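Written below as structure tokens is the structure these notes are about.
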Amino acid sequence: MATNQANLSGREENGNNATDKGLVHFIPVAESKMDVPYADLSIIDISRWSEGLDVQKSLADQLYEAMTTDGFFVLTGFGISEQEIQRQVDIGYTVLEKTPFDEKKELDSHTDKTGVYRGFKPRQYYEMENGVKDQIEQFNWQREMEDQPIPSTLKPFEKETKSFCEKIHKDVLYKVYQLFALALELPINTFVDFHKYEEHDDSWFRYMAYYDEFSPEDEEKVGHVWLKGHQDHGAVTMVFSQPMASLQVRDDEGNWKYTRHVPGGIIVNCGIMMEWWTGGLFKAANHRVYEPPKDQRNHIRCGLFYFSIPNNDVKPDLLKDSPVLRKLNRESMFKDGKTIDAKTFSRARVSKVGKSDIYKSNWGKGERLVEVIAGVEVPHFG
Numbered sequence: 006m007a008t009n010q011a012n013l014s015g016r017e018e019n020g021n022n023a024t025d026k027g028l029v030h031f032i033p034v035a036e037s038k039m040d041v042p043y044a045d046l047s048i049i050d051i052s053r054w055s056e057g058l059d060v061q062k063s064l065a066d067q068l069y070e071a072m073t074t075d076g077f078f079v080l081t082g083f084g085i086s087e088q089e090i091q092r093q094v095d096i097g098y099t100v101l102e103k104t105p106f107d108e109k110k111e112l113d114s115h116t117d118k119t120g121v122y123r124g125f126k127p128r129q130y131y132e133m134e135n136g137v138k139d140q141i142e143q144f145n146w147q148r149e150m151e152d153q154p155i156p157s158t159l160k161p162f163e164k165e166t167k168s169f170c171e172k173i174h175k176d177v178l179y180k181v182y183q184l185f186a187l188a189l190e191l192p193i194n195t196f197v198d199f200h201k202y203e204e205h206d207d208s209w210f211r212y213m214a215y216y217d218e219f220s221p222e223d224e225e226k227v228g229h230v231w232l233k234g235h236q237d238h239g240a241v242t243m244v245f246s247q248p249m250a251s252l253q254v255r256d257d258e259g260n261w262k263y264t265r266h267v268p269g270g271i272i273v274n275c276g277i278m279m280e281w282w283t284g285g286l287f288k289a290a291n292h293r294v295y296e297p298p299k300d301q302r303n304h305i306r307c308g309l310f311y312f313s314i315p316n317n318d319v320k321p322d323l324l325k326d327s328p329v330l331r332k333l334n335r336e337s338m339f340k341d342g343k344t345i346d347a348k349t350f351s352r353a354r355v356s357k358v359g360k361s362d363i364y365k366s367n368w369g370k371g372e373r374l375v376e377v378i379a380g381v382e383v384p385h386f387g
């Protein structure tokens, strides 16, 4: 059984003013010095955006290459400091560590019933193979933060957290979506219009901690995998880079490689809905969470994430107006003209996460299994 990170690396109780009272500083593990396989992900420096359209098209070319190979890239230069990101991680760690158990229970997401990520997901909720359950805890919230209960530990930081959410969506995510549009030679605000901040959708921010607390026997039963291979169901996912080597991407040959830490960077991956929009040209990234290298064991992996889902009524089907997709003869991935709106698919998918029989099954390395959700085939990878 692992020891709590606070005892291994230390933690600081910040209480210098009323706003920071009770804030717990999360101290991440040092970067690994071991020789482990890392994915060679493209780094897109968005700070060059203001240099004009030619530079923006060059960045879009980088994005195109990343989306047609790994489905991943690393975003830098987006104007939010490493310190601002670390503060959100501290807030998240405080919420996960200090919210009373009874309050967590009251604010349980019950995602299998609601299909929406709001509130806490407790540890040992996901059904893993051979009777093992997960060691992941989450607190999820939707960006408006107005129609869901907020835990007492987050209330002192609610205003700044909401401001952070808005900045990420409008100042960072919108530029990413404009790059997607440029890469497909579409009007620059095509994807921005699918993800308007002011309209309703099931996008969510997440504080998440992976606790290194599997017994040796359970580690063997799950093949040292902390979260099985999958594709995110939205348009894109933003993972704020962290030092622990644990997130892995899968290449076309079935090899799994760690993502390298880029301080202050965001790892961006393509989801299923973006794959639908492009008729499979842009690849929904296959990824999993694997145990870290030995010199990073017995520490908590605590991080911040944003999962971007299109506005509720958007139907992510082939963007036929794209000259790029027309030239490549890309076709709709839906059969018989069937489409599905973002809200319906998202809620059907979320309700199944960690609870359907496919999560309990034990399948071989690299094997692909398909689950039908709301009439749509969704792949999983061992």
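In the numbering used here, the protein residues as written are 6 to 387.
Note that the Cβ used here is the ideal one computed from N, Cα and C, for glycine as well.
Predicted model only: the values in this text are computed from it and were never measured.
Three-state secondary structure (DSSP) of residue i
{"i": "L135", "result": "Looking at the sequence shown, residue 135 is not Leu but Asn. Helix, per DSSP."}
{"i": "R265", "result": "coil"}
{"i": "I90", "result": "helix"}
{"i": "G27", "result": "coil"}
{"i": "G234", "result": "strand"}
{"i": "Y130", "result": "coil"}
{"i": "V177", "result": "helix"}
{"i": "D153", "result": "The residue asked about is misnamed: residue 153 is Gln in this sequence, not Asp. The answer is coil: DSSP assigns Q153 none of H, G, I, E or B."}
{"i": "V377", "result": "strand"}
{"i": "N9", "result": "Caution applies to N9, whose pLDDT of 41 falls short of 50 and renders its modelled position unreliable; the model cannot decide the point."}
{"i": "I85", "result": "coil"}
Element boundaries [alpha helix (DSSP H), containing residue i]
{"i": "T116", "result": "T116 to T119"}
{"i": "A353", "result": "A347 to K357"}
{"i": "Q1", "result": "Absent from the model: residue 1. The displayed extent of the chain is 6 to 387, so no value can be given."}
{"i": "K172", "result": "E163 to K172"}
{"i": "K332", "result": "P328 to K332"}
{"i": "M278", "result": "I277 to W282"}
Extent of the continuous beta strand (DSSP E) to which residue i belongs
{"i": "S52", "result": "Careful: S52 lies outside any beta strand (DSSP E) and carries neither H nor E."}
{"i": "R306", "result": "R306 to S313"}
{"i": "V241", "result": "V241 to F245"}
{"i": "F125", "result": "G124 to K126"}
{"i": "H292", "result": "H292 to Y295"}
{"i": "R335", "result": "Unbroken run through R335: none, as it is neither H nor E."}
{"i": "L252", "result": "L252 to R255"}
Residues bridged to residue i [DSSP beta-bridge criterion]
{"i": "I141", "result": "Y215"}
{"i": "L80", "result": "I49 and I271"}
{"i": "D113", "result": "F125"}
{"i": "Y43", "result": "Y263"}
{"i": "N316", "result": "D206"}
Neighbour flag for residue i against chain B, beta carbons, 8 Å
{"i": "K172", "result": "Among the protein chains of the structure shown there is no chain B, as only one such chain exists."}
_List, from N- to C-terminal side, the alpha helix (DSSP H) runs of 4 residues or more that fit wholly inside the stretch 185–223._
195–199
*Contact between the stretch 270–284 and the stretch 209–217 (3+ Cβ pairs under 8 Å)*: Here the stretch 270–284 makes no contact with the stretch 209–217; the two share fewer than three CB pairs at distances below 8 Å.
*Mind the definition here: the stretch 344–361 touches the stretch 310–324 only if three or more C-beta pairs lie below 8 Å; say whether that holds.*
yes
*State whether the stretch 47–62 contacts the stretch 240–249, with contact taken as three or more CB pairs (one from each stretch) at a distance under 8 Å.*
no
*asked:* Quick check: the stretch 287–301 against the stretch 81–89, are at least 3 beta-carbon pairs closer than 8 Å?
replied: With a cut-off of 8 Å, the stretch 287–301 and the stretch 81–89 do not count as touching, because too few Cβ pairs lie within range.
_the stretch 94–106 in contact with the stretch 154–166 per 3-pair CB rule at 8 Å_ = yes
*Inspect the CB distances between the stretch 320–328 and the stretch 107–116 and report whether three or more fall short of 8 Å.*
no
_Cβ pair count under 8 Å reaching 3, the stretch 212–232 against the stretch 127–134_ = yes
*How about the stretch 326–345 and the stretch 251–261: do they share at least three Cβ pairs that are nearer than 8 Å?*
Judged by Cβ distances under 8 Å, the stretch 326–345 makes no contact with the stretch 251–261, as fewer than three pairs qualify.
*Hey, is the stretch 143–150 in contact with the stretch 166–185, meaning 3+ C-beta pairs nearer than 8 Å?*
Touching, yes.
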